[in-house]
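Novice: Read top to bottom, the protein sequences are chains A and B. In terms of the numbering used here, the first sequence opens at residue 1230 and continues consecutively. In terms of the numbering used here, the second sequence opens at residue 374 and continues consecutively.
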Amino acid sequence: MLLPSVQRGLRIGAIAFAILTYLVLVGLPLRLGDLALPILAGAMALFFWLALRGGKSKQDVFNRQPALLFTAGLSGGLTAGLLIAALLAVFVNLTSSGVRLQPIFDKMTPPNLAALYGVAPGAIVGGELSPLAWLQQALLLTVASGVGAALVLVERWARGRPTPRISALRWIPLLLPIALFLFVLWLGMPGVTFGGNNRGTIRLLAAMVTIGAGILALRAAHPGRERQLLSLLYLAGVAYLPFTLDQFQNSVLGIVFIFVMMGLGLNIVVGFAGLLDLGYVAFFAIGAYMYAFLSAPFSSPWLSAQLQSLGIPANAPLLSFWMALPITMLAGWIGGVLLGIPVLRLRGDYLAIVTLGFGEIIRLFMLNLAELTNGPRGLLNIAPPYLFGYNLGNPRDIFILGLIGSAVIAFSAYRLDNSRLGRAWIAMREDQDVAQATGVNLVRTKLLAFAIGALFAALAGQLYAARQTNIFPENFSLFVSIDALSLVIVGGMGSIPGVVLGALALKGLPEVLRGVDEYRIVTFAALLVTMMIVRPEGIIPSTRRRRELHEEAEPVVGEDVPSVLERLAPELKSDNPDGGKK
Amino acid sequence: MRGLGVLILALVAWRVVTVGLAEGYPATFWMSQLINGLVLGGVYALVALGYTLVYGILLMINFAHGDVMMIGGFTGFFALQFFMALGWLQGPAALVALALILIVAAGMFGSVLTGVTLERVAYRPLRGAPRLVPLISAIGASLFLQYSVLLIFGVSPRVYQKPALIEGGFRAGGVFVPYTGLIIFVTSLFLMLMLYLIVQRTKLGRAMRAVAEDKGTAALMGIDVDRVIVFTFILGSALAGAAGVMLGFHNTVVKFNSGFIPGLKAFTAAVLGGIGNIPGAMVGALLLGVIEAIGPSALGIPTEYKDIIAFTVLVLILIFRPSGLLGEVVSEKRA
């Protein structure tokens, strides 16, 4: 039994080494500075914990015998430590013998090299890796792995104990958002010096956490009067937020809620109807450009020439923000239908690629049709919204408009989800053929999904254009689609509150953590893959999705798809374990 | 629907004829464009085969395949630097040839390593999950590869320097043929032949075909499905790695996102030929390369719209003939 556990340790150690090498190569220790050692050691301890405990299904012998657990853990830590020390030694020797690493590895400039040893402070003595450094590395990682193994034991001990149930405790999560909200208010009071220079950032973060906690608390509340009261309270709090936050905080939350609007639209297409759309940015762009044409026709050479030939002065907006609203919505609707018609017959991944192609085509047209769109120079001086002569273009009012827009769209999406059309979407998502057989008009249902989703994106686009006042083709790259899609997925496909949480996590947090902006997309990407493996249903799953994704694991081989009945009512399956499977 | 397709085809043909008559380019111009197209098509074919192989077996689009190719391009670049430092590339022709082969092999190795890791980490845990799940995972993997390369190797593009021996070209009937173009085309044909032999003549190839046909039955016949899938990824990534190196020599630069557009185009090629169909991918890729090279001048539109042509072809094919040129209908049935 000892040998297999050592083997397992070697495997875990090799993976730990790969992770550490990756982190060193992307320059993370450099960025973390003095904190590199504790953070990396902590991360490694967490990694060893996760690696040693195994998945739920792997209740193997190692987890039951502490001795074997520690053998595996410590041998893993030792392996990783020795390997990373060897790697550092190679780097040091190469540098001291005059080889420049920087042309290959971007982060390996000589001054940075020292910082990269954040894993082992004092490791370089006179240009050479000190012999002690080997020991240090090995020891450090062995300790981390020991902590990881101990965590496994602690976790098991904690799970073995009965959890206390006190009914009063239930109120703590429900009242937490209120406490957070008061904290936000307190931070904004004059004379409060808490947090020093970071007070603004802390306040923004607290405001975002408040919104997120509010949403989670509402889900934990009992349905009925309790939930209604709480939601009224929370809504009032959120509505008050724009008036107490400063310009920067409002502008960050403004963009977050523009993405909420967009995400809610995409949620209809992807989450409700199950049509994976990778070119969703096209509709966002259509909305933004449509409003820009109506509001700043003078920016577009072709349009201003046309207007002049018609005798209309082109140096002023054609329509106000409010008058333009129905036109952008119509443009989005038409765009959605136009995309929808050709792809009616496509499903799944084919659809994804074609929509991606559409998104790129729209962007390339914006870039190359310089006569109409002014090309890469963009459309400038777009008018902000006005209400009774009052300019609503400042961050606070844009945030409020974003909140109102999100609320309207969320309400519509909620009503749609529970309508006949919403059920038709879900039926179509589950199984097109069965849906058609039960009388769902596929053409109409699909086109409506595309059109309604596109309409919401166009609305978001118009608000975005009004917020930016200048728009350029690069504002509408594939990454906007990917951002929108990730926030829908992270929040939970088909879940309306999930979209808000996803937008806060994916659009809001990076703004707060400006320093790690460089690592934003990589983190995203890793999160996306991990999420798919660990929790494909998202942070706040819609009930149906969760059932769908967490039925008993299907056999690895074979393609037999469970019937619709099984998916909608998994409990039926337990009566007849073999029923429905081929 | 069919009538509409014929109409579009007729419109395009009419446009091509009128532009051709109006512009009156010499025949040699068309020939050299055709050669460009075939060279590019050969590279696309290698990448397209990777998409087709994986799709044939897992019914999933390996969205990160273009980035696997890009990693091959990077590995090949470092191998090139290495041999240049050794002085092999200034040496006699045999040494240069050996070095070039080793460079391509290095690119293949880098890609294979990436592809196999990808399969193990991002795809294998998702076997049997609903189909959107692995696709999203693949999108994540693609972004992860691109931006990791950006972080590790930096933004600045790496420039491939051709050894003096394969610089330049020769004239055949008034048409200039660059040496690199010829080498790329011949190498890709050779690799495709190798792939064909592996798939058709070896035991593992037979296992691959069996798994593509029916995973369950194949497993019952004693085939280790996981192993076959890993083998498929190895084959596809190796071809992509070679393509990455050759694309590096052809475009002279590689950077973190230089796999994205070629990957998309190779996917288009695979769909054009009928995804899951090996000869189809080759035919589709050569066709797409030629369309892309000749298209802008034949249609009389600026070359900036080159990418739009490829995407439009993809959209039109999927709408009017989702099965591709040589394929069976999969976009609806199995999707």
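Quick reminder that beta carbons are idealized off the backbone N, C-alpha and C, glycines included.
(1) Should Pro507(B) go down as buried or exposed, given a rule of 16 or more other Cβ atoms within 10 Å for buried?
(2) For Leu660(B) versus Leu564(B), is the C-beta distance shorter than 8 Å?
(3) Can you tell which of Gly393(B), Gly376(B), Leu413(B) has the C-alpha that lies nearest to the C-alpha of Val656(B)?
(4) Secondary structure at Tyr1615(A), three-state DSSP: helix, strand or coil?
(5) Pick out the complete beta strand (DSSP E) segments inside the segment 1635 to 1704 of chain A, 3 residues or longer, and give them in chain order.
(6) Between which residues of its own chain and Val1672(A) is the CB-CB distance below 7 Å, once the five residues before and five after are set aside?
(7) Anything in chain A within Cβ reach of Ala502(B), meaning under 7 Å, just list it in chain order.
(8) Can you tell me whether Asn1427(A) is helix, strand or coil according to DSSP?
(9) Who are the Cβ neighbours of Gln1691(A) in its own chain at under 6 Å, not counting the five residues just before and after it?
(10) Determine, for Glu1600(A), whether the minimum Cβ-Cβ distance to residues of chain B falls below 8 Å.
(11) Does chain B have any CB closer than 8 Å to the CB of Asn1427(A)?
(12) Which value, in whole angstroms, describes the spacing of the CA atoms of Ile692(B) and Ala386(B)?
(13) Indicate whether Asn1603(A) and Ser1706(A) have their beta-carbon atoms separated by less than 8 Å.
(14) Counting only Cβ-Cβ distances shorter than 8 Å, please list the residues of the segment 1622 to 1634 of chain A near chain B, keeping chain order.
(15) Measure the C-alpha to C-alpha separation of Pro551(B) and Leu1632(A) and round it to an integer number of angstroms.
(16) Going by DSSP in three states, Val1348(A) sits in which element: helix, strand or coil?
(17) Which of the three DSSP states is assigned to Leu1330(A) in this structure?
(18) Flag Asp680(B) as yes if its beta-carbon sits less than 8 Å from any beta-carbon of chain A, otherwise no.
(19) What in chain B is Cβ-close to Leu1254(A), meaning under 7 Å?
(20) Would you verify that the beta carbon of Tyr417(B) is, or is not, closer than 8 Å to some beta carbon of chain A?
(21) Reducing DSSP to helix, strand and coil, say where Pro465(B) ends up.
(22) Excluding five sequence neighbours on each side, which residues of the same chain lie with their C-beta closer than 8 Å to the C-beta of Val1255(A)?
(23) Could you pull out every residue in the same chain whose Cβ sits closer than 8 Å to the Cβ of Leu1239(A), ignoring the five residues on either side in sequence?
(24) Is there contact between the segment 1588 to 1607 of chain A and the segment 1549 to 1556 of chain A, where contact requires at least three CB pairs shorter than 8 Å?
(25) Below 7 Å on C-beta distance, what does Leu738(B) contact in chain A?
(26) Under 8 Å between beta-carbons, which chain A residues line up against Tyr520(B)? List them in chain order, please.
(27) Quick check on Ala1545(A): does DSSP put it in helix, strand or coil?
(28) Could I get the ranges of all uninterrupted alpha helix (DSSP H) runs contained in the segment 494 to 573 of chain B, with 4 residues as the minimum, in chain order?
(29) DSSP has Leu672(B) in a bridge; who is on the other side?
(30) Am I right that Lys588(B) and Val572(B) are in contact with their C-beta atoms under 8 Å? What's the rounded C-beta distance?
(31) Might you give, ordered along the chain, the residues of its own chain that have their beta carbon closer than 7 Å to the beta carbon of Glu1781(A), omitting 5 neighbours on each side?
(32) Between the alpha carbons of Gly1347(A) and Thr1371(A), how many angstroms are there, rounded?
(33) Check the Cβ of Leu1757(A) against every Cβ in chain B and list those closer than 9 Å, keeping chain order.
(34) For the segment 650 to 684 of chain B, enumerate the residues whose C-beta is nearer than 8 Å to any C-beta of chain A, in chain order.
(35) May I ask you to list the residues that DSSP assigns as paired with Val627(B)?
(36) Tell me whether Asn650(B) sits in a helix, a strand or coil according to DSSP, three-state version.
Specialist: The relevant details are as follows:
(1) Counting from 1 along the second sequence, the entry for residue 507(B) is found at position 134. By the neighbour-count rule (16 or more Cβ atoms within 10 Å), Pro507(B) is buried.
(2) Here residue 660(B) is taken as the residue at index 287 of the second sequence, counted from 1. Here residue 564(B) is taken as the residue at index 191 of the second sequence, counted from 1. Judged by beta-carbon spacing, Leu564(B) lies beyond the 8 Å limit of Leu660(B), meaning their Cβ atoms are not closer than that value.
(3) Reading the second sequence from its first residue, position 283 is the one you call residue 656(B). The option with the nearest alpha carbon to Val656(B) is Leu413(B).
(4) As a first step, residue 1615(A) must be located in the first sequence, where it is residue number 386. Note: Tyr1615(A) maps to strand in three-state DSSP.
(5) You should have found no qualifying run.
(6) Counting from 1 along the first sequence, the entry for residue 1672(A) is found at position 443. So the qualifying residues of the chain are Leu1573.
(7) Translated into positions along the second sequence, residue 502(B) becomes position 129. Scanning chain A for C-beta atoms nearer than 7 Å to the C-beta of Ala502(B) yields Pro1765, reported in chain order.
(8) Along the first sequence, one-based indexing puts residue 1427(A) at 198. Secondary structure at Asn1427(A): helix, using DSSP grouped into helix, strand and coil.
(9) As a first step, residue 1691(A) is located in the first sequence; it is residue number 462 there, counting from the start. For Gln1691(A), where only same-chain residues beyond five positions count, the Cβ hits under 6 Å are Gly1516, Tyr1520, Thr1557.
(10) Mapped onto the first sequence, residue 1600(A) falls at position 371. Chain B contact via Cβ: absent.
(11) On the first sequence, residue 1427(A) is found 198 positions in, with the first residue counted as 1. Output row for Asn1427(A): interface = no.
(12) Here residue 692(B) refers to the residue found at position 319 of the second sequence. Here residue 386(B) refers to the residue found at position 13 of the second sequence. Note on geometry: alpha-carbon atoms of Ile692(B) and Ala386(B) lie some 19 Å from one another.
(13) Reading the first sequence from its first residue, position 374 is the one you call residue 1603(A). Reading the first sequence from its first residue, position 477 is the one you call residue 1706(A). The criterion of a C-beta distance shorter than 8 Å is not satisfied by Asn1603(A) and Ser1706(A).
(14) Going along the segment 1622 to 1634 of chain A in chain order, one finds no residue with a Cβ nearer than 8 Å to chain B.
(15) The residue labelled residue 551(B) in the question sits at position 178 within the second sequence. The residue labelled residue 1632(A) in the question sits at position 403 within the first sequence. In this model, Pro551(B) and Leu1632(A) are separated by some 60 Å (Cα to Cα).
(16) Taking the first sequence and counting its residues from 1, the one referred to as residue 1348(A) is at position 119. Note that Val1348(A) has pLDDT 49, beneath the 50 cutoff, so the model's placement of it is unreliable and the number below is only indicative. The three-state secondary structure of Val1348(A), taken from DSSP, is helix.
(17) Here residue 1330(A) is taken as the residue at index 101 of the first sequence, counted from 1. Coil.
(18) Locating residue 680(B) in the second sequence gives position 307, counting from the first residue. The beta-carbon of Asp680(B) is placed less than 8 Å from the nearest beta-carbon of chain A.
(19) The residue you call residue 1254(A) lines up with position 25 of the first sequence. One finds Ile525 in chain B with Cβ atoms closer than 7 Å to the Cβ of Leu1254(A), taken in chain order.
(20) In the second sequence, residue 417(B) corresponds to position 44, counting from 1. Taking CB atoms only, Tyr417(B) has no neighbour in chain A less than 8 Å away.
(21) Here residue 465(B) is taken as the residue at index 92 of the second sequence, counted from 1. Note: Pro465(B) maps to coil in three-state DSSP.
(22) Taking the first sequence and counting its residues from 1, one reaches residue 1255(A) at position 26. Beyond the five residues adjoining it in sequence on each side, Val1255(A) comes within less than 8 Å, by CB distance, of Lys1336, Tyr1748, Val1751 in the same chain, given in chain order.
(23) The residue labelled residue 1239(A) in the question sits at position 10 within the first sequence. The answer, listed in chain order, is Ser1304, Gly1305, Thr1308.
(24) Because the criterion of three Cβ pairs below 8 Å is not met, the segment 1588 to 1607 of chain A and the segment 1549 to 1556 of chain A do not touch.
(25) Absent from the structure is residue 738(B), since the part of chain B shown begins at 374 and ends at 708.
(26) In the second sequence, counting from the first residue as 1, residue 520(B) sits at position 147. Result: Ile1750, Val1751, Ala1754.
(27) Numbered from 1 along the first sequence, position 316 holds the residue referred to as residue 1545(A). Residue state, collapsed to three classes: coil.
(28) 505 to 526, all fully within the segment 494 to 573 of chain B.
(29) Within the second sequence, the letter at position 299 stands for residue 672(B). Answer by DSSP bridge pairing: none, since Leu672(B) is not bridged.
(30) Here residue 588(B) refers to the residue found at position 215 when the second sequence is read from its first residue. Here residue 572(B) refers to the residue found at position 199 when the second sequence is read from its first residue. Actually they do not touch by this definition, with Cβ atoms about 17 Å apart.
(31) The residue labelled residue 1781(A) in the question sits at position 552 within the first sequence. At Glu1781(A) the pLDDT is 45, less than 50, meaning the model places this residue with poor confidence and gives no usable figure here.
(32) The residue labelled residue 1347(A) in the question sits at position 118 within the first sequence. The residue labelled residue 1371(A) in the question sits at position 142 within the first sequence. Caution is warranted here: a pLDDT of 49 is assigned to Gly1347(A), below 50, making its placement in the model unreliable, and no coordinate value can be reported.
(33) As a working note, residue 1757(A) is residue 528 in the first sequence. Near Leu1757(A) (Cβ distances below 9 Å), the residues of chain B are Ile509, Ser510, Ile512, Gly513, Ala514, Leu516, Phe517.
(34) Going along the segment 650 to 684 of chain B in chain order, one finds Pro675, Glu677, Tyr678, Asp680, Ile681, Phe684 with a Cβ nearer than 8 Å to chain A.
(35) Position 254 of the second sequence, counting from 1, holds the residue named residue 627(B). Answer is Arg531(B).
(36) Reading the second sequence from its first residue, position 277 is the one you call residue 650(B). Under the three-state reduction of DSSP output, Asn650(B) falls in the coil class, being neither helix nor strand.
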